[in-house]
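One line per chain: the protein sequences are A and B, in this order. Under this note's numbering, think of the first position of the first sequence as 178, with each following residue one higher. Under this note's numbering, think of the first position of the second sequence as 1190, with each following residue one higher. All residues carry an ideal CB built from backbone N, CA and C; glycine is no exception. See structure below.
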Amino acid sequence: MTDAKRHFDREPDLGVSPRFAEDLGELFASQEAVPDSVDRAIAEAARRHLRRSPRKLRWLRWSVPAAAAAAILVGISLWWFPGGTGPRMAQNVSPQIALEGSSQADIDQNGKVDILDAFILARHIEAKQPVERTWDLNGDGLVDRRDVDAAAQAAVRLGKGV
Amino acid sequence: MKRYVLPSLILICVAITLLAPAVGRADRVIDKKVRFAPLHVYLDSGDKALAAYQFELKARPGSIKIVGVEGGEHPAFKEAPYYDPAALMNDQIIIAAFNTGSDLPQGRTRIATIHLQITGETDPDYQLELIVAGDAEGQDLPAELTLKRGASR
């Protein structure tokens, strides 16, 4: 063994001074134990935090009962109104030619307007017999088939009290 | 969250229990109660030629809706008669027609067919009133008005 290698064979001196050992001991000594009450408080706070759901989840939570309640309401309304309400044509709406008065269409002057007034007017026109100006029911200056139609429409009009 | 699951499930079950029979019954009710049927109107003018007619048909409100009108069987009245368009989808109508020609029907003839939407299981009571019937001279004609119910669909 050479002198150069001899110093590796010697055991290193691991001994520390008592003062240094004492300082290390103070530095790394285990701290005082956490009381149980503090542990419980921290755990409870954590549980509370985790239990609090985000707003989205809150909406989701109520959506199911809300949907069920809406379904019940729809069911009840279907129960009470099974026929539904469809579109209904307006009453008293007629495209017929407006007459100044029903009496104007009373061609035969019998006090009522019926299909015979239109019939008589039609026969007058077809036979080219003289016509009266009052028979121009649609006011176009002519007494023709359109006045016959106007008289017939006046006869069948609802709510005229035939 | 878990505590809302059970009430929600109960609510859903209740809703299904209520809705399922109600919806089914509503369909069945609609199917049963609404039907369509023609109503044939006949006029008997005896041995006189019929040149013009006018009548009114009524039914109990809500029992029928008039959905269409067509003419009669004789060529003189084959065209659609006069009526107020406001009568469609209503339960009352006045119908009239005339013909100035020489080929006119005599005796009993179908003058019009009214197509109805009928609501309810029973046949409605119809009120049929002849307002006027006229001959070829435009004179009042004694006549009898009758109706015949067609097959409903």
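task: Can you give me the start and stop residues for the alpha helix (DSSP H) that A/Arg225 sits inside?
output: For the purposes of this step, residue 225 of chain A is taken as residue 48 along the first sequence, with counting starting at 1. Its alpha helix (DSSP H) spans residues Asp213 to Arg228.
A/Ala327 versus B/Ser1234 - alpha carbon distance: Reading the first sequence from its first residue, position 150 is the one you call residue 327 of chain A. Reading the second sequence from its first residue, position 45 is the one you call residue 1234 of chain B. Going by the C-alpha atoms only, they are around 26 Å apart.
message: Against chain B, with Cβ distances strictly below 8 Å, would A/Val333 count as a contact?
response: Here the question's residue 333 of chain A lines up with position 156 in the first sequence. It does; some Cβ of chain B falls within 8 Å.
query: Near B/Ala1276, what residues of its chain come up, given a Cβ to Cβ distance below 6 Å and the 5 sequence neighbours on each side ignored?
result: Start at 1 with the first residue of the second sequence, and residue 1276 of chain B comes out as number 87. Counting only Cβ-Cβ distances below 6 Å, and skipping sequence neighbours, we find Ile1255 and Ile1282.
field: Bridge partners - B/Gln1306, DSSP secondary structure assignment
entry: For this step, residue 1306 of chain B is matched to residue 117 along the second sequence. B/Phe1225 and B/Lys1254.
- request: Under 7 Å between beta-carbons, which chain B residues line up against A/Val241? List them in chain order, please.
  value: Walking along the first sequence from the start, residue 241 of chain A turns up at place 64. Chain B residues near A/Val241: Ser1197.
Cβ shell of A/Ala267 (< 6 Å), same chain only, five flanking positions each side left out: Residue numbering aside, residue 267 of chain A sits at position 90 when the first sequence is read from its first letter. Because A/Ala267 carries a pLDDT of 29, less than 50, the predicted location of this residue cannot be relied on, and the following value inherits that uncertainty. Excluding positions up to five away in sequence, the list is empty.
query: Quick one: which chain B residues come within Cβ less than 9 Å of A/Ala282?
result: Start at 1 with the first residue of the first sequence, and residue 282 of chain A comes out as number 105. Result: empty, since nearest Cβ-Cβ is about 12 Å, beyond 9 Å.
- request: Output the residue ranges of the beta strand (DSSP E) runs that lie fully inside the segment 1271-1321 of chain B and measure 3 residues or longer, sorted by chain position.
  value: 1281-1287 and 1297-1308
query: Within 10 angstroms of its Cβ, does B/Gly1257 collect 16 or more other Cβ (buried), or is it exposed?
result: Here residue 1257 of chain B refers to the residue found at position 68 of the second sequence. Answer is exposed; the Cβ neighbour count stays below 16.
message: Quick check: the segment 1323-1337 of chain B against the segment 302-311 of chain A, are at least 3 beta-carbon pairs closer than 8 Å?
response: no
- prompt: Would B/Ala1340 pass as a contact of A/Ile292 if the rule is Cβ separation under 8 Å?
  reply: Taking the first residue of the second sequence as position 1, residue 1340 of chain B is located at position 151. Taking the first residue of the first sequence as position 1, residue 292 of chain A is located at position 115. Not in contact: B/Ala1340 and A/Ile292 (Cβ atoms no closer than 8 Å).
Under the three-state DSSP convention, the category B/Gly1327 falls into: Counting from 1 along the second sequence, the entry for residue 1327 of chain B is found at position 138. Coil, per DSSP.
field: Straight-line gap, B/Asp1273 to B/Thr1308 (C-alpha atoms, nearest Å)
entry: Counted from its first residue, the second sequence places residue 1273 of chain B at position 84. Counted from its first residue, the second sequence places residue 1308 of chain B at position 119. B/Asp1273 and B/Thr1308: Cα-Cα distance of roughly 22 Å.
task: Whole angstroms is fine: what's the gap from A/Val211's alpha carbon to A/Arg225's?
output: In the first sequence, counting from the first residue as 1, residue 211 of chain A sits at position 34. In the first sequence, counting from the first residue as 1, residue 225 of chain A sits at position 48. Those two C-alpha atoms are separated by around 21 Å.
message: Please report the straight-line C-alpha distance between A/Arg334 and B/Gln1243, rounded to a whole angstrom.
response: For the purposes of this step, residue 334 of chain A is identified with residue 157 of the first sequence, where counting begins at 1. For the purposes of this step, residue 1243 of chain B is identified with residue 54 of the second sequence, where counting begins at 1. One C-alpha to the other measures close to 12 Å.
task: Could you spell out where the beta strand (DSSP E) holding A/Leu191 opens and where it closes?
output: Within the first sequence, the letter at position 14 stands for residue 191 of chain A. Looking at the DSSP string, A/Leu191 is not in any beta strand (DSSP E), and its letter there is neither H nor E.
Residue nearest to B/Gly1251 in terms of C-alpha spacing, selected from B/Val1223, B/Tyr1271, B/Glu1259 and B/Ser1197: Position 62 of the second sequence holds residue 1251 of chain B. It is B/Val1223 whose Cα lies nearest to the Cα of B/Gly1251.
Cβ neighbour criterion (16 or more within 10 Å) applied to A/Ala246: Your numbering for residue 246 of chain A matches position 69 in the first sequence. The residue in question, A/Ala246, is exposed, as its Cβ has fewer than 16 Cβ neighbours within 10 Å.
query: Using a Cβ-Cβ cut-off of 8 Å (strictly less than) and excluding sequence neighbours within five positions of B/Met1278, which residues of its own chain qualify?
result: Within the second sequence, the letter at position 89 stands for residue 1278 of chain B. Sequence-distant partners of B/Met1278 (beyond 5 residues in either direction) whose C-beta falls short of 8 Å from its own C-beta, in its chain, are Lys1254, Ile1255 and Val1256.
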